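A.B. asks: Dropping the structure in here first, questions after.
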Amino acid sequence: MTNIKNGIKIIKKHLETMPPSPGIYKMIDGGGTALYVGKAKNLAKRVVNYTRPERLEYRIQAMISNVQKVEFITTNTEREALLLESNLIKKFEPRYNILLKDGKTYPFILIESEKDFPRVVKHRGARKAKGKYYGPFASAGAVNKAISDLQKAFLLRPCSDNYFNNRTRPCLEYQIKRCSAPCVDYISKEEYAVLVKQANDFMNGKSRAIQEELVQKMEEESKKFNYEKAAVYRDRIKALNQVQAKQTIGVTTLNDADIIGIAHEGGVACIQVFFYRGGQHYGNRSFFPKNTGGQTDSDILNAFLCQYYQDNNIPPKDIIISENIEDKEFLEEFFSDSTNYKVRITIPKSGDKKKLLDEATRNAKAALQQKLIGKTRQKDMLKKLAELFNMQSSPKRVEIYDNSHTFGQDQIGAMVVADEEGFNKKAYRRFNIRNKFMKGGDDYAMMEEVLTRRFKRLKMECPDKTAGIWPDLVLIDGGAGHLTTVTKVFDSLGLTDELTFVCISKGVDRNAGKEQFHMLGRDSFTLPTNDPAMYFLQVLRDEAHRFAIGSHRNKRAKSVTKSTFDEIPGIGPKRKKILLNHFGSAEDVKAATLEELEQASGIDKKIAEIIYNYFH
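Note that my numbering gives residue 1159 to position 148 of the sequence shown, counting from 1, and the numbers run on in steps of one.
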């Protein structure tokens, strides 16, 4: 580690040209890697603090000892600096920044507007579609359940416009009482608009008024002896009651809020967010930021808020946290400017909000304990693999490879990654087999192509094997023949002596628990069926198998649709799209009668006969 005095000297030199204006600064090491990215209202005033080591934490002192260069970018405002800082942290992932690795946008419910018959759908990403957005929901499962409940209570359509415009009879959603079938004029535009308004009112917390209105209409229809209509209202009231029973929170002062609790132990932090919108609880989610060792809860929360409320995660009116944070006033102003309402960041000391915050904190502690237990187990298992495969130290990154195909068609290779945190799904890769001259189903040739492409590119793009993206251990689903293939690839790339690689086969009778392991310079061997390492290796291999099969099925589904139409004379991309939009799937086109084919827009009698004769 470079002397801290040298690091301070370098920082002071860069301070000579650093302006007292808003912007971001980057601390960079001798290899050109960003160690830390920070923002400042006054760059010179902020960076000068790094020249006073007696006031700094040990981790910051360690960072300064590695600094060889300081770069800065000025901005017009502190707001611009925050946005730039967030983008650069995501890009460079500096090891001294707290990193929110989740990186997801959460699903919303969108009730469309400016259509005769608006849809209710799940939405992620930028809010380009016109309508009312409700959320975020903690998971896709939660938003799908909410949409299902809304359909039962308000009978709104969820289907695409193409599907809607080409219906000639009601679909299953109508039959199971989840849609009012506007596609076939079972409801007028004006009546449907009432349903849309009620759904929006409900999502805005006006459920009591809606329920009273439905009860009144049910009684009116009953008095007129319109029992079928009365039954529709009865079913909607029942669905509404079920939704209310699940979502009510009993806090009259809470409308739109994120309740954010934190737990911090052993250098690992967990942040738990409870989502409340329109007085309803939309679920909760755990986050585990990286690089939190030596940081205070206040530092972690500050970094979390700066990073989380980007990428379409729009802040609610109330953000409730447990600790005061450095950028509280600035973030309130920033979030308020980004929305059309005032955003408040508060730290309740008592009352209902404090109770909810305590609950979020308890959930954070429970999730953190599970994470720490899982991390300990994962580390123990990786240590066992090191002992089993004669490695000098526990592997920090394990890559597992498998192939999948159907009788040699739609061949695909797959790579999954495991580390100390578990499976790293962001690092998964799939490989479409490119060799057109390969014999279909040649598993050895497929594996040779996959490994060659992977490690040839890795050598070219990242020659530094300590950078964290090189595997310490490579596992291949295969036997002794695969070991020969893998050795051939690694010999050609000069990696045979630098990587530990093992092939795993299922044994003679193909039963799980009797796997054989094949390594260079060692006879094939097995493990006792009750060995924890055996179970761990099965989990790793099975995840690679699952990912390979899933990738293959997706590819096969696309190729089936493609080949079905591409072999029909006179059917190009335009007519293919027309048929799929009209019928919904290739199977429905195949099952269509000649008359039904002629009803599709752009399909005349001659083309309809060609399609019909092709399938029949």
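The beta carbon of each residue, even a glycine, is placed where N, CA and C say it ideally should be. A quick note: this is a predicted structure, and the numbers were derived from the prediction, not measured.
How many Å lie between Gly1335 and Leu1026 at the Cα?
C.D. replies: Contrary to the premise, residue 1335 reads as Asn rather than Gly in this sequence. Computed Cα separation, rounded: 30 Å.
A.B. asks: By the 10 Å Cβ neighbour count, where 16 or more other Cβ atoms means buried, how is Arg1168 classified, buried or exposed?
C.D. replies: Buried is the call here.
A.B. asks: Which residues in the same chain have their Cβ closer than 6 Å to the Cβ of Ser1309, if we skip the five residues on either side of it in sequence?
C.D. replies: Glu1334, Ile1336
A.B. asks: Which residues does DSSP pair with Ser1516 in a beta bridge?
C.D. replies: Gln1527
A.B. asks: Between the C-alpha atoms of Val1154 and Ile1187, what's the straight-line distance to the nearest angstrom?
C.D. replies: 20 Å
A.B. asks: Going by DSSP, name the residue or residues bridged to Lys1555.
C.D. replies: Checking the sequence, you will find Ala at residue 1555 rather than Lys. Ala1555 is not bridged to any residue.
A.B. asks: Can you confirm whether the stretch 1264–1279 touches the stretch 1368–1383 when touching is taken to mean that 3 or more C-beta pairs between the two stretches lie within less than 8 Å?
C.D. replies: yes
A.B. asks: Taking the C-alpha atoms as reference points, what is the distance between Gly1532 and Met1426?
C.D. replies: 25 Å
A.B. asks: My output table needs one value for Arg1130: the three-state DSSP class, helix, strand or coil.
C.D. replies: Here DSSP, grouped into helix, strand and coil, assigns Arg1130 to strand.
A.B. asks: Quick one: what's got a C-beta closer than 8 Å to Ile1423's C-beta in the same chain, skipping five residues either side?
C.D. replies: Asn1414, Ser1415, His1416, Arg1441, Phe1442, Asn1443, Ile1444, Ala1559, Ser1562, His1563, Lys1566
A.B. asks: Name the two residues that bound the continuous alpha helix (DSSP H) containing Asp1310.
C.D. replies: 1308–1319
A.B. asks: Using the rule of at least 16 other Cβ atoms within 10 Å of the residue's Cβ for burial, across every protein chain shown, is Val1550 buried or exposed?
C.D. replies: exposed
A.B. asks: Tell me which residues share the same chain as Ser1404 and place their Cβ nearer than 7 Å to its Cβ, disregarding the 5 neighbours each side in the sequence.
C.D. replies: Excluding five sequence positions before and after Ser1404, the CB atoms of its chain that fall closer than 7 Å to its own CB belong to Ala1397, given in chain order.
A.B. asks: Could you check if Cys1473 is buried or exposed, using at least 16 other CB atoms within 10 Å of its CB as the buried criterion?
C.D. replies: exposed
A.B. asks: So who's on the other strand from Asp1430, going by DSSP bridges?
C.D. replies: Arg1408, Gly1433
A.B. asks: With the cut-off set at 9 Å, would you say Met1392 and Pro1543 are in Cβ contact?
C.D. replies: yes
A.B. asks: Per DSSP, Met1038 forms a beta bridge with which residues?
C.D. replies: Tyr1047, Val1081
A.B. asks: With distance defined between alpha-carbon atoms, name the residue in Glu1554, Asn1014, Ala1478, Asp1453 nearest to Lys1486.
C.D. replies: Looking at the sequence itself, residue 1486 is Leu, so the reference to Lys does not match. Selected option, being the one with the closest Cα: Glu1554.
A.B. asks: Terminal residues of the continuous alpha helix (DSSP H) containing Ile1270?
C.D. replies: Premise fails: Ile1270 lies in the beta strand (DSSP E), 1268–1276, not in any alpha helix (DSSP H).
A.B. asks: Apply the 10 Å Cβ neighbour rule to Arg1296 and answer buried if 16 or more other Cβ atoms are within range, or exposed otherwise.
C.D. replies: buried
A.B. asks: What would DSSP say about Ser1076, mapped onto helix, strand or coil?
C.D. replies: helix
A.B. asks: Would you kindly report the start and end of the unbroken beta strand (DSSP E) that includes Glu1123?
C.D. replies: 1119–1123
A.B. asks: Comparing alpha-carbon positions, which option in Asp1421, Ser1097, Leu1591 lies nearest Tyr1320?
C.D. replies: Ser1097
A.B. asks: In angstroms, rounded to a whole number, what distance separates the CA positions of Val1500 and Phe1434?
C.D. replies: 26 Å
A.B. asks: Mind checking whether Gln1527 and Thr1179 have CB atoms under 9 Å apart?
C.D. replies: no
A.B. asks: Determine which residues share a DSSP beta bridge with Ala1280 and list them.
C.D. replies: Per DSSP, His1275.
A.B. asks: Let me know the secondary structure DSSP gives Gly1424 once reduced to three states.
C.D. replies: strand
A.B. asks: Would DSSP call Thr1507 helix, strand or coil?
C.D. replies: coil
A.B. asks: So, with DSSP's three-state summary, where would you put His1025?
C.D. replies: Collapsing the DSSP output to three states places His1025 in a helix.
A.B. asks: DSSP state of Arg1245, grouped into three classes?
C.D. replies: helix
A.B. asks: Could you please give the first and the last residue of the uninterrupted alpha helix (DSSP H) stretch that includes Asp1363?
C.D. replies: Unbroken alpha helix (DSSP H) run through Asp1363: 1362–1399.
A.B. asks: I believe Thr1086 touches Leu1099 by the beta-carbon criterion, under 8 Å. Please report the beta-carbon distance rounded to the nearest angstrom.
C.D. replies: That belief does not hold up - the Cβ atoms of Thr1086 and Leu1099 are roughly 12 Å apart, past 8 Å.
A.B. asks: Considering Cα atoms alone, identify which of Gly1290, Pro1147, Asn1173, Tyr1069 is closest to Asn1324.
C.D. replies: Its Cα nearest to that of Asn1324, the residue Pro1147 stands out among Gly1290, Pro1147, Asn1173, Tyr1069.
A.B. asks: Does Asp1329 pass the burial test, meaning 16 or more other C-beta atoms within 10 Å, or should it be called exposed?
C.D. replies: buried
A.B. asks: Look up Ser1415 in the DSSP assignment and give the residues it is bridged to.
C.D. replies: Paired residues: Ile1423.
A.B. asks: Quick one: give me the first and last residue of the alpha helix (DSSP H) that Asn1443 is part of.
C.D. replies: Not the alpha helix (DSSP H): Asn1443 falls in the beta strand (DSSP E), residues 1440–1443.
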